[in-house]
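Position in the sequence shown (from 1) plus 131 gives the number in this note's numbering. Quick reminder that beta carbons are idealized off the backbone N, C-alpha and C, glycines included. Working notes, structure below.
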Amino acid sequence: MMWFASLQSEAYQREKDNDGEIQQQHQLYVGTSLKPMPSTWFHLGFKSRLTNTTMLEEPYKEPVSAYLSLSHALIDKYLYLSGVMSLPILNSKASLKDSNSIYHLTNDQSLLFEPNIVPLNTLGAGLHFQKSWDYWFVKGGGRYFKSSSYELYKGHKNFPSSFSVLRLQISLIQKKIFQQVEGKVTFFGAEKDRNQKDREAHQEGRLLQVRYLLRTQGKNKGREMNFGGRWKEKDKSRLALDSKRITEESSNSNIQKLYFRYTLVQPQNRNFLLSISLMPQLLYQESTEAIGYQTNLGFMIKLSPATSQFVTVSGELLFGKLEETQFFGGRINLSFSHHRKRRLGSGLFPQKKTGGFKSGD
């Protein structure tokens with residue numbers, strides 16, 4: 132049995148032409164994982180969240196939402212079936228005057244860690260496979276997610292789009308070196324408004340993500356380097372809902388990214404672990420052909436005051452610029468966890484016997 136609890140706070144500021152915008156989000160999450168049968172894992176968690184920005188007339192509250200996931204081995208060590216569900220237990224209503232602001236917060240215009248601030252009743256299912264031989268390990272599969280209708284604004288019931296995710300990982304595991312290539316494609320359906328069922332309210336373009344990871348293990352430290360990027364196609368029908376009309380943006384305002392991330396992991400002793408990271412990013416906005424940058428500086432301190440119990444403090448600072456907009460801010464996270472039969476540092480480096488990570492990375 133494993134339990135986990137975390138508290139996260141973040142705040143960012145964007146400035147353009149002496150006009151500032153502040154975004155804040157505070158989140159509490161508590162969850163537990165069980166293994167009722169040798170081939171089955173079950174997770175149950177509860178989240179409470181508060182989002183506030185200068186774009187909103189009043190803060191948006193997510194009092195309580197439940198998250199459930201299930202994983203079952205159809206063929207042990209080879210084929211797995213998974214299911215996930217999110218269920219808002221208590222949900223806030225938003226003002227129609229905030230509809231454009233919430234729309235932009237959830238569509239690449241936000242620095243928040245979880246910009247989709249509206250909790251949805253979502254059901255998902257997936258099928259995954261994995262295969263290892265010698266020093267090679269292949270893992271892949273797909274998931275499909277479907278959300279039920281919701282009425283965030285009184286009198287305006289929306290039907291969120293479904294989406295599917297395909298993912299493939301190929302890993303090479305050697306004595307003290309781990310390499311991995313990963314690709315992921317996300318396909319989006321159409322979102323519709325109940326009042327105009329024959330007209331799409333929003334439809335995202337496909338999202339392509341690729342990453343190469345190199346992880347090395349030294350005598351007393353580990354290093355990890357990630358090279359990657361993401362490209363989001365032009366939205367086929369990007370429509371913004373406000374109180375009077377639905378307007379369309381014909382240009383692609385999605386932000387494309389290339390990044391490099393370097394992480395140094397330094398176990399100080401059996402009860403203390405320190406990790407620091409640096410991630411510069413190159414940003415590109417196709418609609419304006421603007422090129423910008425973003426830099427993230429992160430740290431993690433992990434303590435083990437008792438066997439199988441862990442306290443983690445992590446944080447990140449970021450700053451950057453795109454066109455005339457400058458932004459900076461950061462987040463801090465405090466978490467407590469209990470893992471049965473696990474030691475500090477487990478999962479840092481690949482294990483040749485299983486072809487993966489102890490932590491199930």
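Exposed or buried, what is residue i when buried is set at 16 or more other beta-carbons lying within 10 Å of its beta-carbon?
i, result
"methionine 132", "exposed"
"phenylalanine 268", "buried"
"phenylalanine 319", "buried"
"asparagine 351", "exposed"
"tyrosine 343", "exposed"
"isoleucine 386", "buried"
"glycine 84", "Examination of residue 84 is not possible in this model, given that the chain is present from 132 through 492 alone."
"threonine 247", "Residue identity differs from the one stated: residue 247 is asparagine in this sequence, not threonine. The residue in question, asparagine 247, is exposed, as its Cβ has fewer than 16 Cβ neighbours within 10 Å."
"threonine 317", "buried"
"alanine 437", "exposed"
"glutamate 454", "exposed"
"threonine 182", "buried"
"glutamate 335", "buried"
"threonine 184", "buried"
"leucine 409", "exposed"
"lysine 228", "exposed"
"leucine 395", "exposed"
"leucine 205", "exposed"
"leucine 283", "buried"
Comparing alpha-carbon positions, which option in the options lies nearest residue i?
i, options, result
"glutamine 425", "Lys388, Asp265, Leu434 and Leu395", "Lys388"
"leucine 434", "Val442, Ser279 and Leu199", "Val442"
"valine 195", "Val249, Trp172 and Gly271", "Val249"
"glutamate 146", "Leu339, Gly451, Phe467 and Leu414", "Gly451"
"leucine 345", "Arg361, Ile304, Gly360 and Arg337", "Ile304"
"proline 167", "Gly336, His203 and Ala142", "His203"
"asparagine 289", "Arg180, Ala321, Gln311 and Thr171", "Ala321"
"tryptophan 134", "Ser164, Gln416 and Arg180", "Ser164"
"isoleucine 153", "Gly162, Val161 and Ala142", "Ala142"
"arginine 337", "Gly360, Gly353, Met356 and Lys365", "Lys365"
"aspartate 353", "Glu417, Leu199 and Gln397", "Per the sequence shown, residue 353 should be read as glycine rather than aspartate. When only C-alpha atoms are compared, the closest one is Gln397."
"glutamate 193", "Lys228, Gln156, Leu205 and Leu413", "Gln156"
"leucine 299", "Lys270, Leu465 and Glu282", "Lys270"
"arginine 462", "Gln416, Ala421 and Leu242", "Leu242"
"asparagine 464", "Thr456, Gln457, Leu414 and Gly429", "Gly429"
Expressed to the nearest angstrom, what Euclidean distance is found between the alpha-carbon atoms of residue i and residue j?
i, j, result
"alanine 197", "proline 219", "6 angstroms"
"serine 280", "asparagine 427", "36 angstroms"
"histidine 469", "phenylalanine 309", "27 angstroms"
"glutamate 313", "lysine 285", "42 angstroms"
"tyrosine 191", "serine 223", "7 angstroms"
"phenylalanine 459", "tyrosine 393", "20 angstroms"
"glutamine 144", "phenylalanine 244", "14 angstroms"
"serine 230", "phenylalanine 173", "36 angstroms"
"methionine 431", "alanine 136", "16 angstroms"
"phenylalanine 358", "glycine 446", "21 angstroms"
"lysine 208", "tyrosine 390", "33 angstroms"
"leucine 404", "threonine 347", "17 angstroms"
"leucine 448", "proline 411", "12 angstroms"
"leucine 258", "arginine 274", "7 angstroms"
"lysine 315", "methionine 186", "32 angstroms"
"phenylalanine 177", "threonine 419", "41 angstroms"
"glycine 486", "serine 232", "Below a pLDDT of 50, predicted positions are generally treated as unreliable, and glycine 486, at 34, falls in that range; the measurement from the model is reported next regardless. Taking the straight line from one Cα to the other gives about 45 angstroms."
"asparagine 400", "leucine 159", "30 angstroms"
"leucine 339", "leucine 138", "31 angstroms"
"isoleucine 301", "serine 140", "35 angstroms"
"glutamate 189", "valine 444", "30 angstroms"
"glutamate 417", "glycine 162", "40 angstroms"
"glutamate 355", "lysine 306", "15 angstroms"
"glycine 360", "glutamine 311", "15 angstroms"
"leucine 175", "leucine 414", "36 angstroms"
"leucine 221", "serine 466", "24 angstroms"
"serine 406", "glycine 349", "14 angstroms"
"leucine 210", "glycine 272", "9 angstroms"
Per DSSP, what are the beta-bridge partners of residue i in this structure?
i, result
"asparagine 400", "Phe403"
"lysine 262", "Val269"
"arginine 274", "Gly257 and Val296"
"threonine 443", "Lys433 and Ser466"
"methionine 168", "Thr171"
"serine 384", "In the DSSP output, where bridge partners are listed per residue, serine 384 has none listed."
"valine 341", "Gly314 and Gly360"
"leucine 186", "Checking the sequence, you will find methionine at residue 186 rather than leucine. Its beta-bridge partners do not exist; DSSP assigns none."
"aspartate 207", "Answer is none; aspartate 207 lacks a bridge partner."
"glutamine 457", "Glu146 and Lys452"
"glutamate 152", "Arg145"
"leucine 221", "Val195"
Taking 6 angstroms as the cut-off, is the beta-carbon of residue i closer than that to any non-hydrogen atom of the ligand GTP?
i, result
"phenylalanine 318", "The ligand GTP is not part of this structure, which contains no ligands at all."
Using 8 angstroms as the Cβ pair cut-off and three pairs as the minimum, do the stretch 250 to 258 and the stretch 202 to 221 touch? yes
Answer yes if the stretch 284 to 294 comes into contact with the stretch 259 to 267, meaning at least three C-beta pairs across the two stretches below 8 angstroms, and no otherwise. no
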